[in-house]
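With our numbering, letter number 23 in the sequence shown gets 57, and the count goes up by one each step, no holes.
These notes concern the structure reproduced below.
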Amino acid sequence: MQLNNEKAVVVFSGGQDSTTCLFWALQNFKEVFTLSFDYGQRHQQELTHAEAIAKELGVSFHIMPMHSINELSPNALTKKNIPIAKRDDGLPNTFVPGRNHIFFSFAALYAYAVDARHIITGVSETDFSGYPDCRDTFIKSLNVTLNLAMDADFVIHAPLMWRDKAAVWALADELGAFDFVRTKTLTCYEGIAADGCGECPACILRKEGLERYLAQKEVAK
Numbered sequence: 035m036q037l038n039n040e041k042a043v044v045v046f047s048g049g050q051d052s053t054t055c056l057f058w059a060l061q062n063f064k065e066v067f068t069l070s071f072d073y074g075q076r077h078q079q080e081l082t083h084a085e086a087i088a089k090e091l092g093v094s095f096h097i098m099p100m101h102s103i104n105e106l107s108p109n110a111l112t113k114k115n116i117p118i119a120k121r122d123d124g125l126p127n128t129f130v131p132g133r134n135h136i137f138f139s140f141a142a143l144y145a146y147a148v149d150a151r152h153i154i155t156g157v158s159e160t161d162f163s164g165y166p167d168c169r170d171t172f173i174k175s176l177n178v179t180l181n182l183a184m185d186a187d188f189v190i191h192a193p194l195m196w197r198d199k200a201a202v203w204a205l206a207d208e209l210g211a212f213d214f215v216r217t218k219t220l221t222c223y224e225g226i227a228a229d230g231c232g233e234c235p236a237c238i239l240r241k242e243g244l245e246r247y248l249a250q251k252e253v254a255k
């Protein structure tokens, strides 16, 4: 099936990465939809932030319920009583097995329904915390599978795939969204917006990337 080449769906959490991708999509496509997932994540502020950002930027917003993920895979990203830590296999216990596979599959269903060819995600193999479903090979493989399964011509875009967090900040700046991303997004595992708690792995990664980018920018002056 030939889908509309001017429409795009952004898999959207309201965090630094997906919001940067949303600004990227708004510059590259005529009509943009955002799709969030309610899977019993550690804090519901993620969804309220995502909706508020979509509303402020004037784009369509839709939440898809996915609570079976929480039921099948207890982990620190969905259970507040589980401390965030590394597992014996080297993966952080915030890894939710199969999450991105399921999310992108349902994002394709949603894209099909709204006649959008393009699906955008903020995954990155450079700063991926060891999550196997953020790798480039997975994204490319799933893209082929979805097209075969649905007889469609989807294109999955991962604009951050080869960018570390400093480079993500640089992209946000290039898109004119630096201040917006810095002050209005929610990346923190504890549900605190902007700079967050400053202690969880997501906040540390975000802060270190910001400091590197600002240092690079200062040197370039």
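Every residue, glycine too, gets a C-beta built ideally from N, C-alpha and C.
Note that the structure is a prediction, hence the values are computed from the model and not measured.
The C-beta separation of Thr68 from Ala206 comes to about 17 angstroms, leaving the pair out of contact by the 8 angstroms criterion.
The three-state secondary structure of Lys41, taken from DSSP, is strand. Within 10 angstroms of the beta-carbon of Cys168 lie 16 or more other beta-carbons, which makes it buried. Within the segment 176-211, the complete beta strand (DSSP E) runs of at least 3 residues fall at 189-191. Taking Ala88 as the centre and dropping the five residues before and after it, the same chain places the C-beta of Thr68 and Phe95 closer than 6 angstroms to its C-beta, in chain order.
Taking the CA atoms as reference points, Met184 sits about 15 angstroms from Ile136. With respect to Ala227, Leu220 sits close: the two C-beta atoms are nearer than 8 angstroms. DSSP places Arg151 inside the beta strand (DSSP E), whose first and last residues are Ala150 to Ile154. When DSSP reads this structure, Val66 sits in a beta bridge with Ala42.
In this structure the segment 184-195 does not lie against the segment 232-248, because fewer than three pairs of beta carbons, one per stretch, are closer than 8 angstroms. For Ile97, the enclosing beta strand (DSSP E) starts and ends at Ser94 to Pro99.
Secondary structure of Asp72 (DSSP, three-state): strand. Here Lys199 is buried, its C-beta having at least 16 other C-beta atoms within 10 Å.
Here the alpha carbons of Gln36 and Ala86 stand approximately 32 angstroms from one another. For Val189, same chain residues with a beta-carbon under 8 angstroms away, outside a window of 5 residues either side, are Arg151, His152, Ile153 and Asn177 in chain order. The C-beta separation of Gly48 from Glu80 comes to about 6 angstroms, placing the pair in contact by the 8 angstroms criterion. When rounded, the separation of the alpha-carbon atoms in Val202 and Val215 is 10 angstroms.
By the CB criterion at 8 angstroms, Phe57 and Leu209 fall inside the cutoff. Under the three-state reduction of DSSP, Cys234 is assigned to coil, being neither helix nor strand. For Gly156, the closest of Asn134, Asp149, Thr217 and Tyr144 by C-alpha to C-alpha distance is Asn134.
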